[in-house]
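In the working numbering, the protein residues as written are 524 to 720. By construction, the Cβ of each residue, glycine as well, lies at the ideal position given by its N, Cα and C atoms. The model shown is predicted, which means the values in this text are computed figures rather than measured ones. Only one structure is covered here, and it is reproduced in the block below.
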């Protein structure tokens with residue numbers, strides 16, 4: 524998340540941009556002190572006062588393109604998205620997005636923030652944990668059902684990691700069964716997937 528924005532340019536208006544003419548700048552949304560409540564389908568009931576807890580946030584980058592928070596709200600609204608499922612590292616973003624939904628007078632979607640897959644060190648699974656690209660599994664001939672089985676087991680949707688097609692999980696899918704803690708992708712799991720071929 525990083526430090527809270529100190530409000531350095533909070534009162535500056537675009538009409539006063541002449542003093543920084545020639546420099547690129549980003550646009551921030553002035554967060555309100557309103558308390559936003561989210562009944563997350565996985566993380567449970569959460570509240571946040573964006574101005575105090577997260578601060579003003581960027582809605583347009585220095586290059587003039589929309590930043591993530593504005594882009595996702597506009598896209599989801601335009602596409603009629605009613606449910607958003609994503610990693611729990613993005614839970615603070617839901618509150619920023621609720622600020623934007625309220626500003627535009629739009630109904631926010633329902634949110635479900637699921638725990639991340641992490642490495643043995645407890646940090647988000649990344650390159651530092653070795654080569655865990657899906658393309659490597661695909662190239663090695665690992666069937667998709669094998670990985671889906673492992674993922675379904677890690678999410679408590681199956682009693683074991685037996686291979687299964689994703690479509691076969693739909694009838695019994697229940698967000699309430701998902702774990703509330705991250706799934707640790709152990710050092711040997713990727714190798715085991717490859718060795719089984």
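TODO: Put residue 696 into one of helix, strand or coil per three-state DSSP.
DONE: Secondary structure at residue 696: coil, using DSSP grouped into helix, strand and coil.
Open item on the list: In this structure, how does DSSP classify residue 552 when only helix, strand and coil are distinguished?
Closed with: Three-state result, residue 552: strand.
Task: Length of the line joining the Cα atoms of residue 713 and residue 691 - done: For residue 713 and residue 691, the distance between alpha carbons rounds to 23 Å.
Task: Sub-8 Å separation of residue 638 and residue 703 beta-carbons - done: At a Cβ-Cβ threshold of 8 Å, residue 638 and residue 703 count as neighbours.
Open item on the list: If you reduce the DSSP assignment to three classes, tell me which class residue 672 lands in.
Closed with: Shown here, residue 672 sits in a helix according to DSSP, grouped into three states.
Task: Spatial distance of residue 558 from residue 613 (CA atoms) - done: Looking at the two C-alpha atoms, the distance is approximately 18 Å.
Task: Proximity winner among 561, 566 and 577, relative to residue 553 (alpha-carbon distances) - done: The option with the nearest alpha carbon to residue 553 is 577.
TODO: Along the alpha helix (DSSP H) that carries residue 600, what are the first and last residues, could you check?
DONE: Segment 591–602, the alpha helix (DSSP H) holding residue 600.
TODO: Could you work out which residue in 620, 668, 581 and 688 is closest to residue 571 when comparing CA atoms only?
DONE: Distances from the CA of residue 571 to each of 620, 668, 581 and 688 were compared; the closest alpha carbon is that of 620.
TODO: With DSSP as the reference, label residue 560 as helix, strand or coil.
DONE: Under the three-state reduction of DSSP output, residue 560 falls in the strand class.
Task: Coil, strand or helix - residue 678 by DSSP - done: Under the three-state reduction of DSSP, residue 678 is assigned to coil, being neither helix nor strand.
Task: alpha helix (DSSP H) segment containing residue 571, residue limits - done: From DSSP, residue 571 is part of no alpha helix (DSSP H) but of the beta strand (DSSP E) over 567–572.
Task: Presumed contact (8 Å Cβ cut-off) between residue 634 and residue 582, rounded CB distance - done: At roughly 19 Å, the Cβ-Cβ gap does not stay under 8 Å, so residue 634 and residue 582 are not in contact.
Open item on the list: By the three-class DSSP mapping on this structure, what secondary structure does residue 535 have?
Closed with: For residue 535, the three-state secondary structure derived from DSSP is coil.
TODO: Specify the secondary structure class of residue 646 as computed by DSSP and reduced to three states.
DONE: Residue 646: coil per DSSP, three-state reduction.
Task: Proximity winner among 681, 662, 685 and 573, relative to residue 618 (alpha-carbon distances) - done: Selection 681, 662, 685 and 573 evaluated against residue 618 yields 573 as nearest (Cα-Cα).
Task: Where residue 635 sits in the DSSP three-state scheme - done: Strand, per DSSP.
Task: residue 608 versus residue 592: straight-line alpha-carbon distance, rounded - done: If I take the Cα positions, the gap works out to 15 Å.
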